[in-house]
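Trainee: First the structure, which I've put down as structure tokens, then a few questions once you've had a look.
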Amino acid sequence: MKQKKLLVVGSFISPIHELPLIEALANPRVSIHNFIFKPVSIFKLPFISSIDRILSFRLLLPAPSLILRNISLILFLLLNRFDTVFFYNCPWVYPWVYSILRNKKANIIVFCNDDPFSSAKFSFNRFIRSSYHYASLSLYYRKKNLFDITDLKVQSSLAYCPPSFGYLQFSAYKEYSSLPTRFDYDIAFIGHYEDDSRSHYFQKLVSINAKILIAGDRKWPSMLNSAATLNPNLTIKPFIDFSDYPRILSSVRFTICFFSTLNNDNLTRRCFEIPAAGSVLISSQSSELDRLLGSDNYFAFSTLNTFVDVVNSCLSLSTVDYNHIRSSSHHVAWSEHSSRSRYNFLVDKI
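Be aware that the sequence shown starts at 1307, since it is given in my numbering, and climbs by one per residue.
Right under this line is the structure:
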């Protein structure tokens, strides 16, 4: 059987999201390639970069670096033949690129792990919404986006593709029997800052008598350093290295997940990364998470008051009950929600 050639075009920020896709589709039937754009040095200067983003995503005007990036992409596509082009979270790709590809009879798959219809980032994601008109297959991350995309009256096929965790990134933690039984932290939150109510949750969290880790954003140290001086059991870190992330998760008894209000989340990849690494999930309540992970396999909160109660209840959980939930959620994550199982159906679409 002739090997199919797939080009993955990803975000201009980081390959962290598309890497699980690339690793999951790696098999003898598919040859995977990645579009990498190396910007001209001048566009790397903070001042120039800021102007560029303001022009493109706030004023909705063509920005020099994005024009150059799009031209580079289309030249690359015209010089190299691919059976399928997969656009993964690409707010920077102009509609004319998709138009040229469709005229060339290319198989186009598009996917966005943001909510491209969210009012908070509506202009930023305008090109992603345009891409649905050109795609052969549009994948949606949130069930509400099925109706959003359908309302655009697009011709593409649609498929639900909820978040997953990177199979290879977490492979060292697949066997439950090899997971650590001693932990560095009782409870942790590893994620980015968002201007919502989560700061109130952190104020409650840092006062709890437990070994706590808060990490994942350069804002955390400046926001929480005063709390750290009062609580010697509180550890604050900025960004965590991508390769070290699963190990740190595995060193935490309970890990908290908040849903982004900007993206109208009711799921996130952390919902499955946390149990996959052997930590027990404490999350915002979600019927979709209940369905995919199991309501008995995580601890849910809906308000600030219930959050405090849930955390305290978790910390007093017996070893037997803790190990049961940990084992069960770990099994469900690995059997149903790794990137390899999530993206497997795409092999036949390429």
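A virtual CB, placed ideally from N, CA and C, is assigned to each residue, including glycine.
How should residue 1475 be labelled, buried or exposed, when 16 other C-beta atoms within 10 angstroms of its C-beta is the threshold for buried?
Mentor: buried
Trainee: What is the rounded straight-line gap between the Cα of residue 1473 and the Cα of residue 1632?
Mentor: 19 Å
Trainee: Leaving out the 5 sequence neighbours to the left and right, which residues in its chain are closer than 7 Å to residue 1659 when beta-carbon positions are compared?
Mentor: One cannot answer for residue 1659 here, as it falls past the ends of the chain, which runs 1307 to 1656.
Trainee: Between the C-alpha atoms of residue 1658 and residue 1634, what's the straight-line distance to the nearest angstrom?
Mentor: The structure shown has nothing for residue 1658, since the chain only spans 1307 to 1656.
Trainee: Taking 8 Å as the threshold, find out whether the region 1518-1526 comes into contact with the region 1495-1503 through three or more Cβ pairs.
Mentor: The region 1518-1526, when compared against the region 1495-1503, does touch it at the 8 Å Cβ threshold.
Trainee: Rounded to a whole number of angstroms, what is the C-alpha to C-alpha distance between residue 1553 and residue 1583?
Mentor: Computed Cα separation, rounded: 7 Å.
Trainee: Using 10 angstroms around the beta-carbon of residue 1637, count the other beta-carbons present and answer buried if the total reaches 16, otherwise exposed.
Mentor: exposed
Trainee: Compare the beta carbon distance of residue 1396 and residue 1314 with 7 Å and say whether it is the shorter of the two.
Mentor: no
Trainee: Mind checking residue 1669: buried by the 16 CB within 10 Å criterion, or exposed?
Mentor: Outside the modelled stretch of the chain, which goes from 1307 to 1656, sits residue 1669, for which no answer is possible.
Trainee: Count the other C-beta atoms from every protein chain shown that fall within 10 angstroms of the C-beta of residue 1506, then say buried if there are 16 or more, exposed otherwise.
Mentor: Counting other Cβ atoms within 10 Å of its Cβ, residue 1506 stays below 16 and is therefore classed as exposed.
Trainee: Nearest to residue 1342 by CA position, among 1374, 1459 and 1606, is which residue?
Mentor: 1374
Trainee: Run the CB neighbour count on residue 1639, radius 10 Å, all protein chains shown included, and call it buried at 16 or more, exposed below.
Mentor: buried
Trainee: Could you compute how far the alpha carbon of residue 1546 sits from the alpha carbon of residue 1514?
Mentor: 23 Å
Trainee: So if DSSP puts residue 1588 in a beta bridge, which residue, or which two residues, is it bridged to?
Mentor: In DSSP, residue 1588 forms a bridge with 1562 and 1605.
Trainee: Look at the alpha carbon of residue 1656 and the alpha carbon of residue 1621, and state the distance between them as a whole number of angstroms.
Mentor: Answer to the nearest angstrom: the Cα atoms are 47 Å apart.
Trainee: In chain order, what residues of the same chain lie with their CB nearer than 6 Å to the CB of residue 1510, ignoring the 5 residues before and after it?
Mentor: Excluding five sequence positions before and after residue 1510, the CB atoms of its chain that fall closer than 6 Å to its own CB belong to 1614, given in chain order.
Trainee: Let me check understanding here. Comparing Cα to Cα, which of 1419, 1388, 1386 and 1379 lies closest to residue 1401?
Mentor: 1379
Trainee: Between which residues of its own chain and residue 1339 is the CB-CB distance below 8 Å, once the five residues before and five after are set aside?
Mentor: So the list reads 1311, 1312, 1313, 1314, 1386 and 1388, once near-sequence residues are dropped.
Trainee: Alpha carbon to alpha carbon, how far is residue 1644 from residue 1470?
Mentor: 5 Å
Trainee: Applying the 10 Å Cβ sphere with the 16-neighbour rule, what's the burial state of residue 1626?
Mentor: exposed
Trainee: Where does residue 1643 sit, in a helix, a strand or coil, going by DSSP?
Mentor: coil
Trainee: When we look at the beta-carbon of residue 1532 and count the other beta-carbons within 10 Å, is it buried (16 or more) or exposed?
Mentor: exposed
Trainee: Assign residue 1519 to buried or exposed, taking buried as 16 or more other Cβ atoms, counted over all protein chains shown, within 10 Å of its Cβ.
Mentor: buried
Trainee: Whole angstroms are fine: how far does the CA of residue 1561 sit from the CA of residue 1555?
Mentor: 7 Å
Trainee: Tell me whether residue 1377 is buried or exposed, calling it buried when 16 or more other Cβ atoms sit within 10 Å of its Cβ.
Mentor: With fewer than 16 other Cβ atoms within 10 Å, it is exposed.
Trainee: Return the CA-CA distance between residue 1372 and residue 1399, expressed in angstroms with no decimal places.
Mentor: 8 Å
Trainee: Following the continuous beta strand (DSSP E) through residue 1415, name the residue where it begins and the one where it ends.
Mentor: 1413-1418
Trainee: At the level of alpha carbons, what is the spacing between residue 1488 and residue 1565?
Mentor: 28 Å
Trainee: Hey, could you find the ends of the beta strand (DSSP E) residue 1487 is sitting in?
Mentor: Note, residue 1487: premise wrong, no beta strand (DSSP E); not H, not E.
Trainee: Opposite residue 1444 in the DSSP bridges: which residues?
Mentor: Within the DSSP secondary-structure output, residue 1444 pairs in a beta bridge with 1416 and 1464.
Trainee: Would you kindly work out how many angstroms separate the C-alpha atoms of residue 1462 and residue 1490, rounded to a whole number?
Mentor: 48 Å
Trainee: If we count Cβ pairs, one from each stretch, closer than 8 Å, do we get three or more for the region 1412-1432 versus the region 1596-1615?
Mentor: no
Trainee: If you follow the alpha helix (DSSP H) that residue 1376 is part of, which residue opens it and which one closes it?
Mentor: 1370-1385
Trainee: Does the Cβ-Cβ distance between residue 1465 and residue 1485 come in under 7 Å?
Mentor: Judged by beta-carbon spacing, residue 1485 lies beyond the 7 Å limit of residue 1465, meaning their Cβ atoms are not closer than that value.
Trainee: Would you give the residue range spanned by the beta strand (DSSP E) that residue 1541 belongs to?
Mentor: In the DSSP assignment, residue 1541 falls within the unbroken beta strand (DSSP E) covering 1540-1542.
Trainee: In this structure, how does DSSP classify residue 1310 when only helix, strand and coil are distinguished?
Mentor: strand
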